[in-house]
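S.K.:
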Amino acid sequence: MPNNEIAWSYIADQINRKKCTPVISNQLILGALFPGQAVVSEWAKSGGFPLADANLELVAQYLSVTYRDAYRAKTEYLEFLKQRYLAAAAQDPTLEPGLLDQVRRERGLSFSQLVGDRLGYPAAGDMENPLNLLAAFDMPIYLTTSPHLLLETALRNLNKRPRTEVYAWHPSLEEIIPADYHHNPDFQPTTDAPLVYHLHGLDEFPDSLVLSEEDHLDFIGNVIHDFREIGKMPNAVRNAISSTILI
């Protein structure tokens, strides 16, 4: 009987040949940002979630229904992440004195702007950080379900010029997300100028987040349809999904 498991040596060979496409989950990013912290459980507790077992989709669904306002649930989630990260950063002795106070005074920063642009995460040269390791794969395309722009920071740490594009998983997002993040048919991703394609939105635009159970159902229905329809997704992404190993 054939063994259907793919050997790591084969995966390593495909990475070297650029025959695979990294898919970076939001869970991986949260784990790197908040090591050893049960962030989702903490958010569930702060929001009065009544069950012992919590996952992000279920907590977001509960709060969206409780508030009768999905946007409020998403903005509260992002604000919770910001405050948790600031609290952890306050314990970092390597941060420049006064930097946190300066950042706290800035209004309207997205989570990515606060963490990546202002506080310099991930730090250049820190090759124990999974984002810097992923950036070092030298891939032309990265797919991610994280709404944060921290992989782009890691790529710029290596002097690459990443382009960020976002999948509009709901028709309303075509107007909410600025044109700079829409699909550019003239852009050809390379290892020096890779494409980072965000499937679940961007934190700068809370409406775009795929967070609740309802969001995920809408996403699945639309992505299946849009994958088959020419022009809805970048050809480079469609080709990567259909013709390379996803890791």
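Under my numbering, think of the first position of the sequence shown as -17, with each following residue one higher.
We put the beta carbon where it would ideally sit given N, CA and C, even for glycine.
For L38, which residues in the same chain have their Cβ closer than 6 Å to its Cβ, ignoring the five residues on either side in sequence?
M.R.: Here residue 38 refers to the residue found at position 56 of the sequence shown. Result list for L38: V22, in chain order.
S.K.: Please classify A106: does DSSP put it in a helix, a strand, or coil?
M.R.: In the sequence shown, counting from the first residue as 1, residue 106 sits at position 124. DSSP places A106 in coil when its eight states are reduced to three.
S.K.: Report the CB separation of F169 from P4 in whole angstroms; it is logged as a contact under 8 Å.
M.R.: As a first step, residue 169 is located in the sequence shown; it is residue number 187 there, counting from the start. As a first step, residue 4 is located in the sequence shown; it is residue number 22 there, counting from the start. About 19 Å separates the two Cβ atoms, so there is no contact after all.
S.K.: Cβ atoms of A106 and N139: under 8 Å apart, would you say?
M.R.: Numbered from 1 along the sequence shown, position 157 holds the residue referred to as residue 139. Numbered from 1 along the sequence shown, position 124 holds the residue referred to as residue 106. For N139 and A106, yes; Cβs fall inside 8 Å.
S.K.: Hey, L133 and V178: beta-carbon distance below 8 Å or not?
M.R.: Position 151 of the sequence shown, counted from the start, is the residue given in the question as residue 133. Position 196 of the sequence shown, counted from the start, is the residue given in the question as residue 178. Cβ atoms of L133 and V178: closer than 8 Å.
S.K.: What separation, rounded to the nearest whole angstrom, lies between the Cα atoms of D162 and D99?
M.R.: Taking the first residue of the sequence shown as position 1, residue 162 is located at position 180. Taking the first residue of the sequence shown as position 1, residue 99 is located at position 117. So the two alpha carbons sit approximately 19 Å from each other.
S.K.: Taking DSSP as the reference, what is the three-state secondary structure of M(-17)?
M.R.: By one-based count along the sequence shown, residue -17 stands at place 1. The pLDDT assigned to M(-17) is 45, lower than 50, so where the model puts this residue is not dependable; a value taken from the coordinates is nonetheless given after this. Three-state DSSP puts M(-17) in coil, outside helix and strand.
S.K.: Which stretch, first to last residue, makes up the beta strand (DSSP E) that contains I123?
M.R.: The count along the sequence shown starts at 1 and reaches residue 123 at position 141. Here the beta strand (DSSP E) through I123 covers I123 to T126.
S.K.: In whole angstroms, what is the alpha-carbon distance linking Y44 and P160?
M.R.: Taking the sequence shown and counting its residues from 1, the one referred to as residue 44 is at position 62. Taking the sequence shown and counting its residues from 1, the one referred to as residue 160 is at position 178. Rounded to the nearest angstrom, the two C-alpha atoms are 29 Å apart.
S.K.: Just the Cα atoms here: how many angstroms apart are P171 and L184?
M.R.: The residue labelled residue 171 in the question sits at position 189 within the sequence shown. The residue labelled residue 184 in the question sits at position 202 within the sequence shown. About 20 Å.
S.K.: Quickly, what does DSSP pair H180 with across the bridge? List them, please.
M.R.: Indexing the sequence shown from 1 puts residue 180 at position 198. Note: H180 sits in a beta bridge opposite T126 and V148.
S.K.: Are the region 76 to 84 and the region 197 to 209 touching by the rule of at least three beta carbon pairs closer than 8 Å?
M.R.: no
S.K.: Taking only runs that begin and end inside the region 13 to 97, name each unbroken alpha helix (DSSP H) of 4 or more residues, in chain order.
M.R.: 21 to 28, 38 to 49, 52 to 71 and 81 to 87
S.K.: Assign I212 to one of three DSSP states: helix, strand, or coil.
M.R.: Residue mapping note: residue 212 aligns to position 230 of the sequence shown, counting from 1. DSSP, reduced to helix, strand and coil, places I212 outside both helices and strands of the structure shown, so it counts as coil.
S.K.: Taking 7 Å as the limit between beta carbons, can you name the residues of its chain near A26, skipping five residues before and five after?
M.R.: Reading the sequence shown from its first residue, position 44 is the one you call residue 26. Closer than 7 Å at Cβ, skipping near neighbours: A36 and V41.
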